[in-house]
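In what follows, a single structure is set out as structure tokens and then discussed.
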Amino acid sequence: MLKLYNTASRKVEEFKPLGKMVKIYTCGPTVYSVAHIGNLTAYIYWDLLVRVLKKDGYAVKRVLNLTDVGHMTSDADTGEDKLEKGAAREGKSVYEVADKYIAEFMKDYHALELVEPDVLARATDYIDEDMEAVDLMIKNGFTYETKDGIYYDTSKFAEYANFARLDLSGLQAGARVEFSDEKRNASDFAVWKFIKPGEKHAMRWDYLGQPGYPGWHLECATIIHKELGEPIDIHTGGVDHIPVHHTNEIAETYAMTGRALSQNWLHCNFITIDGEKISKSLGNTYTLAELSEKGFSPLDYKMWVLSGHFQGTRNFTFESLEAAKTRRLNWRNRIALCYQKDIPSDGKFDEILAAVNNNLNSPEAFAIIDNASLSLDDWQKVDQLFGLKLLDQTPDISPEQYDLIHKREVTRAKKDFAGSDEIRDSLAEQGIAVRDTADGTVWEYLE
Ligand code: AMP
Ligand code: ZN
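Take the sequence shown: its letter number 84 is residue 83 in numbering that gives the first Met the number 0, and every next letter is one higher.
Structure below.
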């Protein structure tokens with residue numbers, strides 16, 4: 000039985016699918032720069048979610064969006080437009096910037112062995128649907144027009160504050176000083192922005208008689224409406240999405256359809272680096288490529304992420320990444336041993352599966368793996384569950400390498416230690432270590 004924490008109810012609940020196909024939506028990246036390791040944690044945890052559901056026998060349809068329409072650096076529709084910012088930085092068009100960083104994101108996505116989404120939805124492919132959505136919201140009386148665009152009147156949706164347990168009166172009071180004269184409530188937000196004459200904004204579409212572009216939250220509501228149909232089973236994102244982005248997606252969906260957006264909501268927590276927030280000024284915005292330069296594979300990072308729970312606060316350090324790498328090597332070497340000896344299963348795979356079914360408790364599952372006796376068959380199942388490429392990278396060694404190991408044993412038995420060391424060195428050059436145990440020599444991977 001799968002149990003998941005649901006942000007909507009603030010409780011761990013038994014997962015009950017709404018239909019035959021489990022419908023999942025994952026808020027994806029804004030493609031204006033290379034993702035840092037903090038950005039990537041969400042996709043790793045939601046990959047585990049999809050793998051667990053599949054292992055449990057569910058058919059899954061998962062949609063991941065790519066935000067290639069610019070949106071503001073602040074959730075409150077102010078600040079710089081992220082894609083325009085990327086374009087100015089690189090002397091490229093916004094479209095070139097989006098293409099470049101979608102390619103970069105997908106490179107990371109594949110390096111992390113993440114299950115391919117069933118639909119990869121680019122926001123710019125859904126502009127007509129965005130306009131239809133705004134038409135509906137206008138028709139249903141949830142919006143008003145300002146000089147700036149079409150705004151959602153959050154006072155029209157009685158449940159607006161419920162999802163994030165927002166204190167709307169506090170929000171209103173706090174916002175007084177910088178309150179836009181045309182906005183009716185502090186929590187109101189743009190569903191469509193107008194581009195004023197002379198304003199530079201490369202991405203623009205004609206709608207309501209003037210150029211403009213969709214507000215950020217709209218793409219997710221629209222894509223879900225078109226690709227999945229609401230309500231969906233599970234909506235995922237980062238904890239920062241709860242008070243604004245997801246609250247607004249819920250409001251938009253209600254205004255368009257009168258329906259709830261999602262039955263379950265999963266949010267992963269933020270990671271810190273060396274105890275600090277990830278920020279450019281602290282120089283701690285590591286990318287996967289930068290971890291590789293320091294000798295860590297993307298899968299070492301995936302291992303690090305899954306060593307902690309998605310709801311926990313995690314502190315990334317290179318020592319803890321080293322520990323994750325060592326653990327991964329240890330698992331690979333245990334698999335290597337399975338090729339050499341018949342390692343019996345102690346049946347603990349069921350406990351591993353139970354741990355991840357208990358609100359995706361990957362750290363507990365990892366602790367069980369550390370202490371279980373797993374057969375090659377068990378390891379295959381572990382690898383399917385976590386996507387760590389443990390087996391793909393550990394094919395059995397070649398007959399020539401087995402011959403060398405045997406030759407070394409004979410040389411050693413003759414007490415020709417110089418000769419046996421020479422063979423050991425030659426194996427080491429091929430990435431293989433030998434270990435002499437009471438049961439004879441076994442080989443392991445060096446790195
Ligand atoms: P940003 O590009 O910084 O706006 O981040 C995009 C998304 O990545 C955010 O909305 C978060 O959900 C996620 N994210 C950013 N920083 C972190 C972090 N330190 N840990 C986990 N997730 C993060
Ligand atoms: Zn979203």
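Cβ atoms here follow ideal geometry from the backbone N, Cα and C, with glycine treated the same way.
Next on the checklist: By the three-class DSSP mapping on this structure, what secondary structure does PRO486 have?
Outcome noted: Look at the range of the chain in this structure, 0 to 446, and you will see that residue 486 is not part of it.
Checklist entry - What is the DSSP secondary structure of CYS219, reduced to helix, strand or coil? => result The residue you call residue 219 lines up with position 220 of the sequence shown. Three-state DSSP puts CYS219 in a helix.
Checklist entry - Between LYS293 and THR284, what straight-line distance do the alpha-carbon atoms span, to the nearest angstrom? => result As a first step, residue 293 is located in the sequence shown; it is residue number 294 there, counting from the start. As a first step, residue 284 is located in the sequence shown; it is residue number 285 there, counting from the start. Cα to Cα, the separation comes out at about 14 angstroms.
Item to check | Cβ-heavy atom distance, CYS219 to ligand 2, below 7 angstroms | outcome: Numbered from 1 along the sequence shown, position 220 holds the residue referred to as residue 219. At least one heavy atom of ligand 2 is nearer than 7 angstroms to the Cβ of CYS219, so yes.
Checklist entry - Is CYS267 near ligand 2, judged by its Cβ being under 7 angstroms from some heavy atom? => result Here residue 267 refers to the residue found at position 268 when the sequence shown is read from its first residue. Not so, every heavy atom of ligand 2 lies at least 7 angstroms from the Cβ.
Checklist entry - What residue range is occupied by the uninterrupted alpha helix (DSSP H) comprising VAL433? => result Stepping through the sequence shown from its first residue, residue 433 is reached at position 434. Where VAL433 is concerned, there is no enclosing alpha helix (DSSP H), although the beta strand (DSSP E) it sits in stretches over 431 to 436.
Checklist entry - Where does GLU12 fall in DSSP's three states? => result Mapped onto the sequence shown, residue 12 falls at position 13. If DSSP states are grouped into helix, strand and coil, GLU12 belongs with the strands.
Next on the checklist: Contact defined as beta carbons within less than 8 angstroms: I believe ALA254 pairs with ASN139. What is the distance between those atoms, to the nearest angstrom?
Outcome noted: As a working note, residue 254 is residue 255 in the sequence shown. As a working note, residue 139 is residue 140 in the sequence shown. At roughly 6 angstroms, the Cβ-Cβ gap stays under 8 angstroms, so ALA254 and ASN139 are in contact.
Item to check | Endpoints, alpha helix (DSSP H) assigned at ASP402 | outcome: Numbered from 1 along the sequence shown, position 403 holds the residue referred to as residue 402. Per DSSP, ASP402 belongs to the alpha helix (DSSP H) from 398 to 412.
Item to check | CB of LEU17 within 8 angstroms of CB of PRO230, strictly | outcome: Taking the first residue of the sequence shown as position 1, residue 17 is located at position 18. Taking the first residue of the sequence shown as position 1, residue 230 is located at position 231. Against a cut-off of 8 angstroms, the Cβ pair of PRO230 and LEU17 comes out as a contact.
Item to check | SER261, enclosing beta strand (DSSP E) - first and last residue | outcome: In the sequence shown, residue 261 corresponds to position 262, counting from 1. DSSP places SER261 in the uninterrupted beta strand (DSSP E) bounded by 261 to 267.
Next on the checklist: If distances are taken between C-alpha atoms only, which option among HIS200, VAL93, GLY211 comes closest to ILE149?
Outcome noted: In the sequence shown, residue 149 corresponds to position 150, counting from 1. Ranked by Cα distance from ILE149, the first of HIS200, VAL93, GLY211 is GLY211.
Checklist entry - Cβ-heavy atom distance between THR29 and ligand 1 below 7 angstroms? => result Taking the sequence shown and counting its residues from 1, one reaches residue 29 at position 30. At least one heavy atom of ligand 1 is nearer than 7 angstroms to the Cβ of THR29, so yes.
Next on the checklist: Going by the DSSP bridge assignment, what does ASN283 pair with across the sheet?
Outcome noted: The residue you call residue 283 lines up with position 284 of the sequence shown. Looking at the DSSP assignment, ASN283 forms no beta bridge with any residue, so it has no partner.
Checklist entry - Just to confirm, are THR235 and THR25 a CB contact at a threshold of 8 angstroms? => result Working through the sequence shown from its first residue, we reach residue 235 at position 236. Working through the sequence shown from its first residue, we reach residue 25 at position 26. Yes, these two residues count as a Cβ contact at 8 angstroms.
Item to check | DSSP-derived helix/strand/coil call for HIS200 | outcome: For this step, residue 200 is matched to residue 201 along the sequence shown. It is coil, neither helix nor strand.
Checklist entry - With distances taken between CB atoms, is the gap from LYS2 to ASN356 smaller than 8 angstroms? => result Stepping through the sequence shown from its first residue, residue 2 is reached at position 3. Stepping through the sequence shown from its first residue, residue 356 is reached at position 357. Contact: yes.
Checklist entry - What is the DSSP secondary structure of MET130, reduced to helix, strand or coil? => result Along the sequence shown, read from residue 1 onward, the residue named residue 130 stands at position 131. Helix at MET130.
Next on the checklist: Suppose the cutoff is 6 angstroms on Cβ atoms and the five residues either side in sequence are ignored; what does the same chain contact list for TYR448 look like?
Outcome noted: Since the first residue of the chain shown is 0 and the last is 446, residue 448 is not available in this structure.
Checklist entry - Leaving out the 5 sequence neighbours to the left and right, which residues in its chain are closer than 8 angstroms to ASP117 when beta-carbon positions are compared? => result Indexing the sequence shown from 1 puts residue 117 at position 118. Here the set comprises VAL59, LYS60, ARG61, VAL62.
Next on the checklist: Could you compute how far the alpha carbon of VAL381 sits from the alpha carbon of THR312?
Outcome noted: Working through the sequence shown from its first residue, we reach residue 381 at position 382. Working through the sequence shown from its first residue, we reach residue 312 at position 313. For VAL381 and THR312, the distance between alpha carbons rounds to 25 angstroms.
Next on the checklist: Mapping the DSSP letters down to three states, classify ARG121 as helix, strand or coil.
Outcome noted: Translated into positions along the sequence shown, residue 121 becomes position 122. DSSP places ARG121 in strand when its eight states are reduced to three.
Next on the checklist: Beta-carbon within less than 7 angstroms of ALA110's beta-carbon, same chain only, minus the 5 sequence neighbours each way: which residues are those?
Outcome noted: In the sequence shown, residue 110 corresponds to position 111, counting from 1. Only LEU287, PRO297 meet the Cβ criterion.
Item to check | Where TYR4 sits in the DSSP three-state scheme | outcome: As a working note, residue 4 is residue 5 in the sequence shown. It is a strand residue.
Checklist entry - When the distance is taken between beta carbons, is LEU47 closer than 8 angstroms to SER372? => result The residue you call residue 372 lines up with position 373 of the sequence shown. The residue you call residue 47 lines up with position 48 of the sequence shown. No, the pair does not count as a contact, with Cβ atoms beyond the cut-off.
Checklist entry - In chain order, which alpha helix (DSSP H) runs of at least 4 residues are fully inside the segment 44 to 112? => result 81 to 89, 93 to 110
Next on the checklist: Tell me the rounded alpha-carbon separation between ALA437 and ALA412.
Outcome noted: Indexing the sequence shown from 1 puts residue 437 at position 438. Indexing the sequence shown from 1 puts residue 412 at position 413. ALA437 and ALA412: Cα-Cα distance of roughly 14 angstroms.
Checklist entry - For THR316, which option in LYS54, PRO213, ILE270, SER261 has the closest C-alpha, if you only look at C-alpha atoms? => result Here residue 316 refers to the residue found at position 317 when the sequence shown is read from its first residue. Minimum Cα-Cα distance from THR316 among the listed residues LYS54, PRO213, ILE270, SER261 corresponds to ILE270.
Next on the checklist: Below 8 angstroms on the Cβ atoms is my contact criterion, and I expect GLY214 with PHE188 to pass it. Report the Cβ-Cβ distance as a whole number of Å.
Outcome noted: The residue labelled residue 214 in the question sits at position 215 within the sequence shown. The residue labelled residue 188 in the question sits at position 189 within the sequence shown. Between PHE188 and GLY214 the Cβ distance is about 6 angstroms, and since that is below 8 angstroms, they are a contact.
Item to check | Where the alpha helix (DSSP H) through ARG164 begins and ends | outcome: Here residue 164 is taken as the residue at index 165 of the sequence shown, counted from 1. Premise fails: ARG164 is in no alpha helix (DSSP H) and is neither H nor E.
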